[in-house]
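Student:
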Amino acid sequence: MPSVTDAFARAMAQAAGMTLRDDGALVSGGVVVRRLPPQSDGRFADTDYFDLLDWMRRQHGDDVALLDAYSRLIRADNIGVLGLAMKTAPTLRASLERVERYWRVVTDTAVYSLDESGDPSLLTFEARTGHHPVLDFRNEGALAGFARNMRRFVEGELVLDHVTFRHACRGDPERYAALFGCPVHFAADRNAIALKPAMLDLPNRLGDQAVSDFLTAHLETEIGSLRDDPSVRAALLRRLTPALSQGVPQAAEIAHEMGMSERTLYRRLAEEGLTFRDVLTEAQSSLAQELLRDSTSSIAEIAFLAGFSEQSTFSRAFKRWVGQAPAQFRQQASSR
1 MPSVTDAFAR
11 AMAQAAGMTL
21 RDDGALVSGG
31 VVVRRLPPQS
41 DGRFADTDYF
51 DLLDWMRRQH
61 GDDVALLDAY
71 SRLIRADNIG
81 VLGLAMKTAP
91 TLRASLERVE
101 RYWRVVTDTA
111 VYSLDESGDP
121 SLLTFEARTG
131 HHPVLDFRNE
141 GALAGFARNM
151 RRFVEGELVL
161 DHVTFRHACR
171 GDPERYAALF
181 GCPVHFAADR
191 NAIALKPAML
201 DLPNRLGDQA
211 VSDFLTAHLE
221 TEIGSLRDDP
231 SVRAALLRRL
241 TPALSQGVPQ
251 AAEIAHEMGM
261 SERTLYRRLA
271 EEGLTFRDVL
281 TEAQSSLAQE
291 LLRDSTSSIA
301 EIAFLAGFSE
311 QSTFSRAFKR
321 WVGQAPAQFR
331 QQASSR
């Protein structure tokens with residue numbers, strides 16, 4: 001199961017005026033207000049972390065203020081060796097290359113990618129889990145924290161060209177621009193921080209090649225100890241979701257793309273307590289909910305994109321998945 005280092009949860013709890021104890025108790029005003037399942041090696045299961053995040057933001061009531069407080073509290077030092085490797089890398093580019101390669105030691109719920117093919121360059125952030133209502137907020141927090149930390153460890157003035165998010169804006173765009181110190185665009189095609197190429201050449205204040213190389217070697221050892229293959233569920237979701245607009249793919253076809261037989265795919269899914277139909281339903285449900293919340297596509301179009309040939313069949317399936325008709329779900333989501 002995907003997991004997240006507890007550093008992010010602790011910083012968000014502090015930003016919300018609470019304390020997250022080692023035993024998983026969330027304390028506010030001296031009272032335990034929520035309790036998480038026991039951690040494993042300083043990490044939370046992704047669903048536990050997302051549920052906690054969603055609860056805290058709802059209790060706080062001001063997303064942008066909470067994001068601002070979180071970005072001030074989360075530090076590169078909080079994420080262990082990777083944070084130190086980022087700070088001691090010689091340039092910002094070298095820092096981001098380390099993040100791109102080693103982010104898995106912090107969490108396997110998302111990945112960063114550095115794209116220097118255009119101007120501006122893009123540091124993109126992409127989820128690697130199923131849908132959760134708090135993911136838009138999590139993505140904002142990830143980029144807000146990253147932007148502020150880059151400004152902390154870079155020597156000289158770091159200027160961001162702009163920031164983009166895939167989801168629609170849920171608040172005042174000017175407040176987001178103030179948070180990031182640059183224009184912020186919503187309903188874009190990716191979650192990303194855009195920087196002029198020259199920014200990547202800025203040196204880091206604590207840049208030390210020898211120290212950075214030592215820490216990078218440590219990270220290589222650490223990432224080598226992680227399971228090389230992600231869960232079959234996660235790998236299957238990544239292939240199913242973009243393929244749905246061409247109709248529901250056959251298990252044999254997807255298994256071939258994953259380099260295994262259909263029988264092996266079924267067996268490995270069974271080892272995770274899943275069937276192909278389970279993961280297909282998750283992919284269709286997650287995609288449909290995302291499109292209903294964040295796009296202007298008609299329900300008929302969304303049905304097609306989720307792999308259904310008829311809107312009526314889609315509507316029945318969607319109500320079975322989430323307990324609401326698509327139109328009701330969209331109306332409720334837009335009023336939040």
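Every letter in the sequence shown is one number past the one before it in our numbering, and letter 134, counting from 1, is 134.
The C-beta atom is built at its ideal place from N, Cα and C for all residues, glycine as well.
Nothing here was measured: the structure is a model prediction, and the numbers come from that model.
(1) List, from N- to C-terminal side, the beta strand (DSSP E) runs of 3 residues or more that fit wholly inside the region 190-238.
(2) How far does the alpha helix (DSSP H) with D294 in it extend, from its first residue to its last?
(3) Is there contact between the region 239-255 and the region 186-204, where contact requires at least three CB pairs shorter than 8 Å?
(4) Quick check: the Cα distance between R10 and A69, rounded to an integer number of angstroms?
(5) Taking the alpha-carbon positions, what's the A89 to S95 distance?
(6) Please report the Cβ distance between L135 and A147, rounded to the nearest whole angstrom; I am assuming they are in contact, meaning their Cβ atoms lie under 8 Å.
(7) Between which two residues does the alpha helix (DSSP H) holding H60 run?
(8) Quick check on Q250: buried or exposed, where buried means 16 or more other Cβ atoms within 10 Å of its Cβ?
(9) Classify E262 as helix, strand or coil using the three-state DSSP reduction.
(10) Answer yes if the region 173-193 comes into contact with the region 138-147, meaning at least three C-beta pairs across the two stretches below 8 Å, and no otherwise.
(11) Output the distance between the C-alpha atoms of S121 and H167, rounded to the nearest integer angstrom.
(12) Given F186, which residues of its chain have a CB within under 6 Å of its CB, disregarding the five upstream and five downstream residues?
(13) Looking at C-beta atoms only, is the number of pairs between the region 296-316 and the region 273-288 that lie closer than 8 Å three or more?
(14) What are the start and end residues of the alpha helix (DSSP H) that includes E100?
(15) Which residue's Cα is closest to the Cα of D119: D278, E222, I193, T296?
(16) Under 9 Å between the Cβ atoms of E100 and L84?
(17) Just tell me which of T47, M150, D22, F8 has its CA closest to the CA of V106.
(18) Would you report the Cα separation of M260 and V248, rounded to the nearest angstrom?
(19) Got a sec? Which residues, its chain only, sit under 6 Å from Q289 by beta carbon, not counting five neighbours each side?
(20) Can you look up V64 in the DSSP assignment and give me helix, strand or coil?
(21) Roughly how many whole angstroms lie between the Cα atoms of T5 and R175?
(22) In three-state terms, what does DSSP make of V81?
(23) Please report the residue range of the alpha helix (DSSP H) in which L305 lies.
(24) I'd like to confirm the pairing. Which residues does DSSP put opposite H256 in its beta bridges?
Tutor: Straight from the coordinates:
(1) 192-195
(2) 276-294
(3) no
(4) 12 Å
(5) 5 Å
(6) So it is not a contact: roughly 18 Å between Cβ atoms.
(7) 46-60
(8) exposed
(9) helix
(10) yes
(11) 21 Å
(12) F165, A168, C169
(13) yes
(14) 92-102
(15) I193
(16) no
(17) F8
(18) 19 Å
(19) H131
(20) helix
(21) 28 Å
(22) helix
(23) 299-305
(24) Beta-bridge pairing links H256 to no other residue.
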